[in-house]
Amino acid sequence: MKILIICTGNSARSQIAEGFFKHYKKDWEIYSSGISPKGLNPLAIDVMLEKGIDISNHTSDGIDKYINNEFDYVITVCDRAKETCPVFLNAKNSLHWSFIDPADAVGNHEEKIKNFRNIRNQIEKKIIQFLKEFK
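According to our numbering, the sequence shown holds residues 588 to 722 in order.
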C-alpha cells in the first residue's frame, strides 16, 4: 500500500498522519506533502512523542515531489488542500478528511499544545477506522 497525505503547509496534520500510518503499518509506503510547505511544527513533534512516535526526522515537502508517482490513496487532511490540490492522475483512490489546523490555535503554550493533542487524537482515530478496512 502506498499513501500520500496532503495538507497546506505539511507542518502538522499531514505530518501527524504520516507518523501514525508509519507506526501502525510499517510495511506500507507513507508520504506527506504540502501545497506550500512551511517546515515541521515543533508542537507536532512534541505531541507525537507523547504517543511514542518520533516524527522529528520527517521533511516538509511540496506536492511537486510526488505529482507523477502512483499511489493507492491520496488523502487530503485540510479543506484548503482539497480545494487547491492538483489532481493526482496516478492515484487509485482519493479521500478527504477535514481537520482544523492546530497551528492556528491562540493562547499560551498549554492552550496551544492542548489543541495539538486534540487534533492528533482525531487523526489517530480516523486512521484506526481506515485501517480496519484492511484487516
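Glycine residues also receive a C-beta, built at the ideal position from the N, C-alpha and C atoms.
Asked                                                                                                             : Found
Nonlocal neighbours in the same chain, by C-beta distance under 8 Å from N655, ignoring five residues either side : N677
Limits of the alpha helix (DSSP H) - the one that Y611 falls within                                               : 600-611
4 or more residues per run - each alpha helix (DSSP H) lying fully within the segment 653-696                     : 666-671
Status (buried if at least 16 other CB within 10 Å, exposed otherwise) for T663                                   : buried
Pairwise C-alpha distance: D648 and D633                                                                          : 20 Å
Where M635 falls, given that 16 or more other Cβ within 10 Å makes a residue buried                               : buried
Local Cβ density within 10 Å of H645, reported as buried at 16 or more and exposed below that                     : buried
Length of the line joining the Cα atoms of H696 and K719                                                          : 35 Å
Rounded Cβ spacing between D688 and R600 (contact assumed at less than 8 Å)                                       : 7 Å
Strand pairing of S619, partner residues [DSSP]                                                                   : I592
Extent of the continuous alpha helix (DSSP H) to which P629 belongs                                               : 629-636
DSSP beta-bridge partners of G649                                                                                 : G621
Beta carbon of I714 nearer than 7 Å to that of F686                                                               : no
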